[in-house]
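Engineer: Shown below is the structure under consideration.
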Amino acid sequence: MGLGRIVATAVLAFGMAGSAGAQQAVTPPPKEYGQQFLVQGSWFHGVHGLAFNKDDQLFAGSVIGQTLYRVQVDSGEVDRVIDPPTGMADDIAFADDGTMAWTAFLIGKVYVRKPNGKTIEVAHGMSGPNSLAFGKDGRLFVSEVFLGDALYEIDIKNVDKPDFKPFARGELRRIAEKLGGLNGFEVHKDDGFLYGPLWFKGDIVKVNLETGATDVIASGFKTPAAANIDPQNRDNVYVVDTGTGGIWSVSLTSKAKKLVASMKPGLDNLAFDSRGRLFVSSMTDNGIYLVDKQTGAWRTIVEGRLAVPADLAVSTDGGKDTVHVADVFSYRTVDGANGAVTDVLRVHGETHAYPIGISLGPKNVLLSSWFSNTVEKVDRKTGKLTATLGEFSAPVDAVEFADGTMYVAELASGNLVKVSADGKERSIVVKELRGPVAMAHGPGSLVYITEIAAGAVSQIDVATGARKVVADNLTGPEGIDIGPDGRLYVAEVGQKRVVAIDPATGAKTVIASNLDIGLAPFPGGPPALVPTGVAVGRTGIVYVSADVRNSLYKLTPPSP
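Printed below as a string of structure tokens:
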């Protein structure tokens, strides 16, 4: 990712109070806020690759969840097979002998697990290993997409030998490059050619695995994500279009296209079981679905109301809170009273960025993403995306002032950058932020920012550049918001709690503890893989994203 690993240096200072004398009054601790789940949780953290083994068991992968799962398609039950970070499966494939292979996208590795249960790293140093498939004689083929653009073969014949060492990227046989994003593909059992989608070109292609020559067999898709051969009719290749939610069949001989089903944008992969039944995954809805190839109807196997809830913001209208969620694969709102979830933008439908930070400005909702390196402006009145600003250095959060000026915190550079309303003029306000995660706009020209590598919350006057630490000795501070009482509400993820901080004195009060927050980062990635978001409504209700379980907490102040 080019971000480098930011090592958190904050150390929580524990103190032991002296024994109280017989005459010393004891002050009871303040009551913590009431906890409830406004939105219930779900499996996965965005579900991507799908594959059936020879026993018709379905396996599913999650990149952000860094876990490989097994799913019972009849009951919807899910269990974990490979834990983080090794299980970071963007795609999964099975060989005829039962060997399973998968790509660990963000850490640049490829793994296989032999039928005896032994897991072996077979390649490293790749740039976004994304999709893979076994060909004839157990040959393994892997593509790079998004962070790279090439197709390789990995020689796994000797993986069982004691002296086997994983291949570096430069040691792999490169079949082709600059294809246009060869995503979820399959090797045909009959002709030995690879069939797959070109994400950035909207085509389905046939690839000669010996020469790298490609032929287009179908085109006109918006964002084709995956293609698989129908085991019941090997002349048909089925395609999922993540940009439209369409599922298509394409004849390899006539090249005729047929729309099979229409679902929501955000589909990512597909797989057939031994009976020829078609299953598809949705990263946006944390879902897996059984699709009827004849009628286009589908049945939900497993699904989530939120995919990967990260940063939060809240608006209040007529006494009703609306929670705005950067849900990584979408921008969603949640009714603060009943937990109803509504889509605003779906990734690869209305946008191609992955929202991780979110804030509400006077005119716009700002969506930030260190992964897609963008800050997006969404009109608050219409909910429409109006601008996508790029050329940042891993932006993690942004705030908008009344005149449209934005301030963007960059993780990779450690800078707080002033950005004009049109995004063209930029200047550095503050340097050397220590692992910035989230921001809150305070009174006047003040901005508060959490710095996870310092274990601190800092106050910055963007008019003068003056900077001071408001609170330190925090363990993993991430999401932040300002309550109606003027206090700063911060997710202290390392302690699984939320604290309220007096910005004048730095005094901290724990308002909720034992929270299921703090999704683990991957090696070499940002320390806050996705931030635990905090948002405070006008009545003092605090909303917290539970990124571990893909749910949303509602914390209610205790009665006086």
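Take the sequence shown: its letter number 35 is residue 34 in numbering that gives the first Met the number 0, and every next letter is one higher. Note that the Cβ used here is the ideal one computed from N, Cα and C, for glycine as well. All values derive from a computational prediction rather than experimental measurement.
(1) Buried or exposed: where does Gly317 fall if 16 or more other Cβ atoms within 10 Å of its Cβ makes it buried?
(2) Between Pro476, Arg466, Thr508, Ala462, which has its C-alpha nearest Ala455's C-alpha?
(3) How would you call Gly183, buried or exposed, if buried means at least 16 neighbouring beta carbons within 10 angstroms?
(4) Is the beta carbon of Leu171 closer than 8 Å to that of Gly191?
(5) Flag this pair as yes or no: are the beta carbons of Ala306 and Thr283 separated by less than 8 Å?
(6) Straight-line CA distance for Arg393 to Thr373?
(7) Is DSSP giving Lys553 helix, strand or coil here?
(8) With the cut-off set at 8 Å, would you say Val461 and Val446 are in Cβ contact?
(9) Is the beta carbon of Gly389 closer than 8 Å to that of Val428?
(10) Keeping to the same chain, check which residues put their C-beta closer than 8 Å to that of Ala511; ignore five residues upstream and five downstream.
(11) Once DSSP output is grouped into helix, strand and coil, what is the label at Leu146?
(12) So is Asn157 buried or exposed if we call it buried at 16+ other beta carbons inside 10 Å?
(13) Rank Ser314, Ala336, Arg345, Ala339 by C-alpha distance to the C-alpha of Phe328 and give the top, closest one.
(14) Shortest alpha-carbon distance to Ala437 belongs to which of Leu487, Phe278, Gly422?
(15) Any idea what DSSP makes of Val307, helix, strand or coil?
(16) So, under 8 Å CB-CB, Val206 and Leu150 are touching, yes? Tell me the CB distance rounded to an integer number of Å.
(17) According to DSSP, is Ser544 part of a helix, a strand, or is it coil?
(18) What distance in whole Å lies between the Cβ atoms of Val186 and Asp202, which are believed to be in contact at a cut-off of 8 Å?
(19) List the endpoints of the continuous beta strand (DSSP E) containing Ser558.
(20) Check whether the Cβ atoms of Gly303 and Pro530 sit closer than 8 Å, and answer yes or no.
(21) Expressed to the nearest angstrom, what Euclidean distance is found between the alpha-carbon atoms of Ala224 and Gly195?
(22) Taking Gly124 as the reference, which of Ser550, Arg548, Gly523, Gly536 has the closest Cα?
(23) If we count the other Cβ atoms within 10 Å of its Cβ and call it buried at 16 or more, is Asn285 buried or exposed?
(24) Below 8 Å between beta carbons: does that hold for Leu258 and Gly245?
(25) Tell me, to the nearest whole angstrom, how far the beta carbon of Val301 is from that of Trp42; I am working on the premise that it is less than 8 Å.
(26) Return the bridge partner residues of Gln458 from the DSSP annotation.
(27) Let's test the definition: count the other Cβ atoms within 10 Å of the Cβ of Asn549 and tell me whether it reaches 16, buried, or not, exposed.
(28) Fully enclosed by the region 260-324, which beta strand (DSSP E) runs are 3 residues long or longer?
Structural biologist: Taking the definition as stated:
(1) Residue 317 sits at position 318 when you count from the first residue of the sequence shown. Looking at its Cβ environment, which holds fewer than 16 other Cβ atoms inside 10 Å, Gly317 is exposed.
(2) Sequence index remark: in the sequence shown, residue 455 carries index 456 (1-based). Of Pro476, Arg466, Thr508, Ala462, the residue nearest in Cα terms is Pro476.
(3) Taking the first residue of the sequence shown as 1, we reach residue 183 at position 184. Counting every other CB atom within 10 Å of its CB across the protein chains shown gives Gly183 a total of 16 or more, marking it as buried.
(4) The sequence position of residue 191 within the sequence shown is 192, counting from 1. The sequence position of residue 171 within the sequence shown is 172, counting from 1. It is not a contact, given that the beta carbons lie outside the stated cut-off.
(5) Translated into positions along the sequence shown, residue 306 becomes position 307. Translated into positions along the sequence shown, residue 283 becomes position 284. In contact: Ala306 and Thr283 (Cβ atoms closer than 8 Å).
(6) Taking the first residue of the sequence shown as position 1, residue 393 is located at position 394. Taking the first residue of the sequence shown as position 1, residue 373 is located at position 374. Looking at the sequence itself, residue 393 is Ala, so the reference to Arg does not match. Each residue's alpha carbon lies about 8 Å from the other.
(7) The residue given as residue 553 occupies position 554 in the sequence shown. In the displayed model, Lys553 falls within a strand according to three-state DSSP.
(8) Counted from its first residue, the sequence shown places residue 461 at position 462. Counted from its first residue, the sequence shown places residue 446 at position 447. A contact, by the Cβ cut-off of 8 Å.
(9) Taking the first residue of the sequence shown as position 1, residue 428 is located at position 429. Taking the first residue of the sequence shown as position 1, residue 389 is located at position 390. Contact flag unset, no.
(10) Here residue 511 corresponds to residue number 512 of the sequence shown, with the count starting at 1. These residues qualify, in order along the chain: Glu31, Tyr32, Gln34, Arg496, Val497, Val541, Val543, Tyr552, Leu554.
(11) In the sequence shown, counting from the first residue as 1, residue 146 sits at position 147. Correct three-state label for Leu146: coil.
(12) Along the sequence shown, one-based indexing puts residue 157 at 158. With fewer than 16 other Cβ atoms within 10 Å, it is exposed.
(13) By 1-based counting over the sequence shown, the position of residue 328 is 329. Nearest C-alpha to Phe328: Arg345.
(14) Here residue 437 is taken as the residue at index 438 of the sequence shown, counted from 1. Comparing Cα-Cα distances from Ala437 to each of Leu487, Phe278, Gly422, the minimum goes to Leu487.
(15) Residue numbering aside, residue 307 sits at position 308 when the sequence shown is read from its first letter. Correct three-state label for Val307: coil.
(16) By one-based count along the sequence shown, residue 206 stands at place 207. By one-based count along the sequence shown, residue 150 stands at place 151. That pair is a contact at about 7 Å.
(17) For the purposes of this step, residue 544 is taken as residue 545 along the sequence shown, with counting starting at 1. Strand at Ser544.
(18) The sequence position of residue 202 within the sequence shown is 203, counting from 1. The sequence position of residue 186 within the sequence shown is 187, counting from 1. Not confirmed; about 18 Å, so no contact.
(19) Position 559 of the sequence shown, counted from the start, is the residue given in the question as residue 558. Counted as a single uninterrupted DSSP element, the stretch harbouring Ser558 is not any beta strand (DSSP E), since DSSP gives it neither H nor E.
(20) Here residue 303 corresponds to residue number 304 of the sequence shown, with the count starting at 1. Here residue 530 corresponds to residue number 531 of the sequence shown, with the count starting at 1. Gly303 is not a Cβ neighbour of Pro530, given a cutoff of 8 Å.
(21) On the sequence shown, position 225 is the one that residue 224 refers to. On the sequence shown, position 196 is the one that residue 195 refers to. So the alpha carbons of these two residues sit roughly 9 Å apart.
(22) Counting from 1 along the sequence shown, the entry for residue 124 is found at position 125. Nearest option by C-alpha distance: Gly523.
(23) The residue given as residue 285 occupies position 286 in the sequence shown. Buried, because 16 or more other Cβ atoms sit within 10 Å of the Cβ of Asn285.
(24) Along the sequence shown, one-based indexing puts residue 258 at 259. Along the sequence shown, one-based indexing puts residue 245 at 246. Yes, these two residues count as a Cβ contact at 8 Å.
(25) Numbered from 1 along the sequence shown, position 302 holds the residue referred to as residue 301. Numbered from 1 along the sequence shown, position 43 holds the residue referred to as residue 42. Indeed, because the Cβ distance is near 6 Å, the residues count as touching under 8 Å.
(26) Taking the sequence shown and counting its residues from 1, one reaches residue 458 at position 459. In the DSSP output, where bridge partners are listed per residue, Gln458 has Tyr447, Lys467.
(27) Position 550 of the sequence shown holds residue 549. With 16 or more other Cβ atoms within 10 Å, it is buried.
(28) 266-271, 277-281, 286-290, 297-301, 311-316
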